[in-house]
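First residue of the sequence shown: 1, per UniProt numbering; consecutive thereafter. Glycine residues also receive a C-beta, built at the ideal position from the N, C-alpha and C atoms. So the structure is just underneath, and the comments pick up after that.
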Amino acid sequence: MEIILKYKIMKKILFRCYIVLIVLLANSCKQDELAPIVNDHTPPGPVSKVTVTNLNGAAKISYTIPTDGDLLYIKAVYAIKKGEARETKVSRYNSDLTVDGFGNSMDYQVKLYAVDKGENVSAPVEVTVHPLTPPLKLTRDSLTVTPDFGGINVKFTNSTKASLAIVVLANDSLGEFAPILTNYTNLQKGNFSTRNLPAKPTKFGIYTRDRWGNLSDTLLVTVTPLFEELLDRTKIKGIALPTDAPLGPQYGGGIDELFDGDVTNAGGYYHTGDASKMPQQFTYDMGVTAKLSRLSYFMREGFFYSLHNPRVVEIWGTNTINPDGSYDGWTLLASHTQIKPSGLPEGQLSQDDIDAARAGETITFPLDAPKVRYIRFRTLKNWSNGSYVNFNEIMMWGDTK
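Structure representation (C-alpha cells):
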C-alpha cells in the first residue's frame, strides 16, 4: 500500500513538472516570436567579384557576399520590358542567382543589393547581362507548317523545354484574324493540328508566347486544308471474326453500340466478356472506303481514365478481310497511348481530365495512310491492366472521295 502511495505522489510531481516545462517553453517561443529584430540601421556591404553567365532568355549572376553577420538575402532588380520591374531574391547562403523572363537578346541592366535582417539595403552593384536568344524565339524559328485534314499541322522544336504557348490565328466567323487554337507545351519537340476548317486557301498566323507574356513575331502562311468529313455512323457495322474478343452478353453491349451516336452513358456501349484477354481486338466495316484523318473514342462516364477503358491501342485497316481472323493483308495505321492530362492517381480527376474525356480521345492518322474500308481496333492495355475492354462510342473522319 505504501509503495502504491509513493508511486502516485511521484506521478503527480512528474506531471506538474511536465506542465511547468510546457509553459516555460511556450513563453520562450512567444518571447522569441514577439522579440523585435535588432536593427542597427547600418546597411550591409555590397556584393563583390560579380561574374555573368548568359543563358537563353536569362542570365546567371555569381558573386561574393559581404561579411556582415546580419546579412539576410541578396536581391536583383531589373526590367524585362519598359516599365515592368522584376525582383529575384535568394538567401545569404547562395553565391549566385538567375534573372529570367527576357524577351530579347540585348543588353539589360541589373542592380544587385545585399539586405540585412533589419531590411537595411546596401549600395547597388550594377551589372550588364546580355541573354542568349530566348526560348520562345528559338521555337518560333523552328516552326514548320503543312496542310492537314481540316486545317494545318504545326511542327516545332523547343530545345530548352521551356513552358510555352504556340498560338494559331485565322479568320473567325466574324472575319476577324484571331486565335483559333493555343497549344501549351514544354516538350522538346512535337506537333499539333487545327481542325474543322474548309478545304480552301486560308491565311494562318503562328506565334509563340512565354509565361512572362513575351511574344515572338508572327509567321504568316497561306495553306489549303485537306478535305475531311465525319463518316456516316449509320453505315458502320460490326464484323465477327474468330480471333476477335468475345463479347460479354451478361454485361450488355456490342460493336454496333459504338456507333449509336450517343457518347454518354445514356447510350449503348461495347463490353468484352469474361473469356477475353489482352491484347484483344474487334472489327468493323465503315461502309465506305476512306482516307482516314482521325478517330475519336469516348470513355464511359464515371470511369474516366480507369478500369476497362482502352489506354494503349493500335488501329489497323484493310480493304480485304481474311475470314480466319488473321492480320494478313492488314496495315497498321496508328499506335496510340492515352495520357491523363493531370497525371493524378486513378480515381482523382481534375477539370482538365473531365473536359478532355468528354471531348473524346483523338487518334490521328498519317497523311500517307492508305484508303481502307475495314478497321480493327486493337487494345494492348486498359487503364486497370485487366482483361476487359469497355467504352461508349467511336467517331471517324476522313475523305471518301
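Supposed close pair Ile321, Ile239 - CB separation, criterion 8 angstroms: Position 321 of the sequence shown, counting from 1, holds the residue named residue 321. Position 239 of the sequence shown, counting from 1, holds the residue named residue 239. That pair is a contact at about 7 angstroms.
Cα-Cα separation between Pro134 and Glu228, rounded to whole angstroms: The count along the sequence shown starts at 1 and reaches residue 134 at position 134. The count along the sequence shown starts at 1 and reaches residue 228 at position 228. Distance between the alpha carbons of Pro134 and Glu228: 38 angstroms.
Close beta carbons around His130, own chain, < 6 angstroms, minus the five adjacent residues each side: As a working note, residue 130 is residue 130 in the sequence shown. Residues Asn54 and Asp107 of the same chain have their beta carbon placed closer than 6 angstroms to that of His130, with the five preceding and five following residues left out of the count.
Local Cβ density within 10 Å of Leu138, reported as buried at 16 or more and exposed below that: Working through the sequence shown from its first residue, we reach residue 138 at position 138. Leu138 should be labelled buried.
Neighbour-count burial assignment, Ser163, 16 or more Cβ in a 10 Å radius: Counting from 1 along the sequence shown, the entry for residue 163 is found at position 163. Exposed is the call here.
8 angstroms Cβ shell around Thr51 - same chain, five flanking residues per side excluded: For the purposes of this step, residue 51 is taken as residue 51 along the sequence shown, with counting starting at 1. Excluding its 5 nearest sequence neighbours in each direction, Thr51 has C-beta neighbours in its own chain below 8 angstroms: Ile61, Ser62 and Tyr63, listed in chain order.
Ala359 - DSSP class collapsed to helix/strand/coil: In the sequence shown, the residue the question calls residue 359 occupies position 359. DSSP places Ala359 in helix when its eight states are reduced to three.
Start-end ranges of the beta strand (DSSP E) lying completely within the region 23-107, minimum 3 residues: 48-55, 58-64, 71-81, 84-91 and 96-100
Validate contact between the region 293-300 and the region 355-368 using beta carbons, cut 8 angstroms, 3 pairs: yes
Cβ-Cβ separation, Gln280 to Thr379 (assumed contact under 8 angstroms), whole Å: Counting from 1 along the sequence shown, the entry for residue 379 is found at position 379. Counting from 1 along the sequence shown, the entry for residue 280 is found at position 280. Contact flag correct, Cβ pair sits at about 6 angstroms.
6 angstroms Cβ shell around Asn388 - same chain, five flanking residues per side excluded: As a working note, residue 388 is residue 388 in the sequence shown. According to the sequence shown, residue 388 is Tyr rather than Asn. These residues qualify, in order along the chain: Thr272 and His308.
Contact between the region 287-295 and the region 253-264 (3+ Cβ pairs under 8 angstroms): no
Length of the line joining the Cα atoms of Asn104 and Asp285: Start at 1 with the first residue of the sequence shown, and residue 104 comes out as number 104. Start at 1 with the first residue of the sequence shown, and residue 285 comes out as number 285. When rounded, the distance between both Cα atoms is 55 angstroms.
Three or more C-beta pairs below 8 angstroms linking the region 231-245 and the region 362-370: Cβ pair count under 8 angstroms is below three, so no.
Distance between Ala114 and Leu56 (C-alpha atoms, nearest Å): Stepping through the sequence shown from its first residue, residue 56 is reached at position 56. Stepping through the sequence shown from its first residue, residue 114 is reached at position 114. Per the sequence shown, the amino acid found at residue 56 is Asn instead of Leu. Going by the C-alpha atoms only, they are around 26 angstroms apart.
CB contact flag (Leu230, Pro147, <8 angstroms): Here residue 230 is taken as the residue at index 230 of the sequence shown, counted from 1. Here residue 147 is taken as the residue at index 147 of the sequence shown, counted from 1. Result no, Cβ atoms of Leu230 and Pro147 do not sit closer than 8 angstroms.
Same chain, Cβ closer than 6 angstroms to Asn39, five either side skipped, listed in chain order: For the purposes of this step, residue 39 is taken as residue 39 along the sequence shown, with counting starting at 1. Excluding positions up to five away in sequence, the list reads Gly118.
7 angstroms Cβ shell around Thr318 - same chain, five flanking residues per side excluded: Locating residue 318 in the sequence shown gives position 318, where the first residue counts as 1. For Thr318, where only same-chain residues beyond five positions count, the Cβ hits under 7 angstroms are Gly329, Trp330, Thr331, Val372 and Tyr374.
Inter-stretch contact (C-beta, 8 angstroms, three-pair minimum) for the region 145-160 and the region 186-203: yes
Alpha carbon of Phe149 to alpha carbon of Ile65, nearest angstrom: Translated into the one-based positions of the sequence shown, residue 149 becomes position 149. Translated into the one-based positions of the sequence shown, residue 65 becomes position 65. In a straight line, the C-alpha of Phe149 is about 59 angstroms away from that of Ile65.
Where the beta strand (DSSP E) through Ser296 begins and ends: Along the sequence shown, read from residue 1 onward, the residue named residue 296 stands at position 296. Where Ser296 is concerned, the enclosing beta strand (DSSP E) stretches over Gln280 to Phe298.
Check whether Leu242 and Asp324 have beta carbons under 8 angstroms apart: What you label residue 242 is simply residue 242 of the sequence shown in a count that begins at 1. What you label residue 324 is simply residue 324 of the sequence shown in a count that begins at 1. This sequence places Pro at residue 242; Leu is not what is there. Taking 8 angstroms as the Cβ cut-off, Pro242 and Asp324 qualify as a contacting pair.
Residue span of the alpha helix (DSSP H) that contains Lys137, given as start and end: Sequence index remark: in the sequence shown, residue 137 carries index 137 (1-based). Pro135 to Ser142 is the extent of the alpha helix (DSSP H) around Lys137.
Residue range of the unbroken beta strand (DSSP E) whose run includes Glu126: On the sequence shown, position 126 is the one that residue 126 refers to. Per DSSP, Glu126 belongs to the beta strand (DSSP E) from Val125 to Val129.
Nonlocal neighbours in the same chain, by C-beta distance under 6 angstroms from Ala144, ignoring five residues either side: Taking the sequence shown and counting its residues from 1, one reaches residue 144 at position 144. Ala is not the amino acid found at residue 144; the sequence shown has Thr there. So the list reads Lys155, once near-sequence residues are dropped.
C-alpha gap between Tyr78 and Pro44, whole angstroms: Along the sequence shown, read from residue 1 onward, the residue named residue 78 stands at position 78. Along the sequence shown, read from residue 1 onward, the residue named residue 44 stands at position 44. When rounded, the distance between both Cα atoms is 21 angstroms.
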